[in-house]
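2 protein chains.
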Amino acid sequence: MLENDAIRILDRLECLRLLAEVPLGRVVYTRQALPAVLPVNFTLDEDDSVVLYTSAVSDLVHAVDGAVVAFEADEFSAATRSGWSVVVTGRAGVVDEPAEHERLSQSGPRSWMPVRDGVFLRIESELVTGREIMSTRTTG
Amino acid sequence: MLENDAIRILDRLECLRLLAEVPLGRVVYTRQALPAVLPVNFTLDEDDSVVLYTSAVSDLVHAVDGAVVAFEADEFSAATRSGWSVVVTGRAGVVDEPAEHERLSQSGPRSWMPVRDGVFLRIESELVTGREIMSTRTTG
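As you go down the protein sequences, you meet chains E and L in turn.
In terms of this note's numbering, the first sequence has 82 at position 82, counting the first letter as 1, and numbering is strictly consecutive.
Heads up: take any position in the second sequence, counting from 1, add 1000, and you land on this note's numbering.
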């Protein structure tokens, strides 16, 4: 894949606007020295960080708390072969301040799955990259 | 997230059947010691490996040739909060046998983007895991 007319690099504001439009993304991390990925629903917080809600005892929390992870969301149309993808890269951490937890309990994401001992996991948006793929049929 | 009634673990055959239904997935790998992810279109080959078509000089090929990567595909409905995700984990490698390259040129994937010096990249389906998330509204 080449950087050319078919690809437009998105700036940070465009990326964040697109992220705010979709409910689901994927946490990309390392688990037992292997690449791992888990789809999760999320919200963007006021500081543009990505916030998830999951179980305190989940494998995800165990693997990513304190680590740098990537978080990806995208929307593509197979019909037009076009779409966009955005990747946030930054440190992940459990929200442990009670006031923050309380605030997110009101405004933050609710997991699509039942959660026991729920915690909010925040991914700082230290690096935000994205690209839009425009329709091209030149390669078949 | 918990393993419970809302989640059904998919067996390998179910996973491969679902993978065959979607055109797009995401390669999950490590780039410069950081987690990285790239959406790509793909096909499943006869041996159930995942095959992509990309540029020989792409960052992706440079980063993953010979490495163990994950490949994820999913389909979710925000309306019903249900869907599935499948992850293939295995070694990635450029297809360098001329006969295999020729065969894939006929039957393999075509990139949604223009590709220069195209190569096929194969991800062995050494580990195939998946889960289906059934609709649940119990947590709001």
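Each residue gets a CB set at the ideal place from its N, CA and C atoms; glycine is no exception.
Query raised in the report: From L:M1001 to L:S1049, what does the alpha carbon distance come to, in whole angstroms?
Result: Its pLDDT being 43, under 50, L:M1001 is placed unreliably in this model, and the value from its coordinates should be taken loosely. Within the model, the alpha-carbon separation for L:M1001 versus L:S1049 is close to 29 Å.
Query - Test item: CB-CB of L:C1015 and L:T1129 under 8 Å - result: One thing to note: L:C1015 has its Cβ within 8 Å of the Cβ of L:T1129.
Query - Selection of the region 1080 to 1096 of chain L by Cβ proximity to chain E, strictly under 7 Å - result: With the criterion set as a beta carbon lying under 7 Å from some beta carbon of chain E, the members of the region 1080 to 1096 of chain L are R1081, S1085, V1087 and T1089, in sequence order.
**Report entry** beta strand (DSSP E) segments (min. 3 residues) lying fully within the region 1024 to 1104 of chain L
**Finding:** Contiguous beta strand (DSSP E) elements confined to the region 1024 to 1104 of chain L occur at 1024 to 1031, 1034 to 1041, 1050 to 1055, 1068 to 1077 and 1082 to 1094, taking only those with 3 or more residues.
Query raised in the report: Within the 8 Å Cβ cut-off, does E:A147 reach chain L?
Result: In the structure displayed, chain E extends from 1 to 140; residue 147 of chain E sits before or after that span and is not available.
Query raised in the report: When the distance is taken between beta carbons, is E:L10 closer than 8 Å to E:E132?
Result: A contact, by the Cβ cut-off of 8 Å.
Query raised in the report: Of all the CB atoms in chain E, is at least one closer than 8 Å to the CB of L:L1034?
Result: True, the Cβ-Cβ gap to chain E drops below 8 Å.
Report task. Just the C-alpha distance for E:I7 and L:H1062, rounded to the nearest angstrom, thanks. Result -> Note on geometry: alpha-carbon atoms of E:I7 and L:H1062 lie some 20 Å from one another.
Query raised in the report: Quick one: what's got a C-beta closer than 8 Å to E:S55's C-beta in the same chain, skipping five residues either side?
Result: Excluding residues within five positions, the ones whose Cβ falls inside 8 Å are V61, V115, R116, D117, G118 and V119.
Report task. Kindly give me the distance between the Cβ atoms of L:E1072 and L:R1026, rounded to whole angstroms, as I take these residues to be in contact under 8 Å. Result -> Contact between L:E1072 and L:R1026 holds, with the beta-carbon distance rounding to 5 Å and staying under 8 Å.
Report task. With 7 Å as the C-beta to C-beta threshold (strictly closer), list the residues of the region 4 to 29 of chain E near chain L in chain order. Result -> Within the region 4 to 29 of chain E, those residues whose Cβ lies closer than 7 Å to any Cβ of chain L are, in chain order, N4, A6, I7, P23, L24, R26, V28 and Y29.
Report task. Output the distance between the C-alpha atoms of E:S105 and E:D59, rounded to the nearest integer angstrom. Result -> Using only the alpha carbons, I get a separation of about 22 Å.
**Report entry** Beta-carbon proximity list for L:Y1053, same chain, < 7 Å, skipping 5 on both sides
**Finding:** The residues are G1108, P1109, R1110, S1111, V1115, G1118 and F1120.
Query raised in the report: chain L partners of E:D48, CB-CB under 9 Å?
Result: Those within 9 Å of E:D48 in chain L number zero; the least Cβ separation is about 19 Å.
**Report entry** Burial state of L:A1070 (16 or more Cβ within 10 Å)
**Finding:** Residue burial annotation: L:A1070 is buried, with at least 16 other C-beta atoms found within 10 angstroms of its C-beta.
Query raised in the report: So which residues on chain E does L:F1076 lean against when the C-beta distance must stay under 9 Å?
Result: What L:F1076 touches in chain E: P23, L24, P39, N41 and W112.
Requested in this report: Determine the direct distance from the alpha carbon of L:A1020 to that of L:Q1032, and round the result to whole angstroms.
Outcome: When rounded, the distance between both Cα atoms is 31 Å.
Requested in this report: Give a yes or no on whether the minimum CB-CB distance between E:E124 and chain L is below 8 Å.
Outcome: Answer no: the Cβ-Cβ gap between E:E124 and chain L never drops below 8 Å.
**Report entry** Identity of the residues DSSP links to E:L16 by a beta bridge
**Finding:** Bridge partners of E:L16: none, in fact.
Report task. For L:V1057, count neighbouring C-beta atoms within 10 Å of its own C-beta (all shown protein chains included) and say buried if the count is 16 or more, exposed if not. Result -> With a threshold of 16 other beta carbon atoms within 10 Å, L:V1057 falls short and is exposed.
Report task. At 7 Å on the CB atoms, spell out the chain L contacts of E:E72, in chain order. Result -> Chain L residues near E:E72: R1026 and V1037.
Report task. Starting from the beta carbon of L:V1068, find every residue of chain E whose beta carbon is closer than 8 Å, and list them in chain order. Result -> Ordered by position in chain E, the residues that pass the 8 Å Cβ test against L:V1068 are L34 and P35.
Requested in this report: Pull up the CB-CB distance for E:W84 and E:L18, whole angstroms please, since I reckon it's below 8 Å.
Outcome: Yes, E:W84 and E:L18 are in contact; Cβ-Cβ is about 6 Å, under 8 Å.
Query raised in the report: How big is the Cα-Cα spacing for L:V1068 and E:G93?
Result: Computed Cα separation, rounded: 26 Å.
Query raised in the report: Would you say the beta carbon of L:D1047 comes nearer than 7 Å to a heavy atom of the ligand SAH?
Result: The ligand SAH is not part of this structure, which contains no ligands at all.
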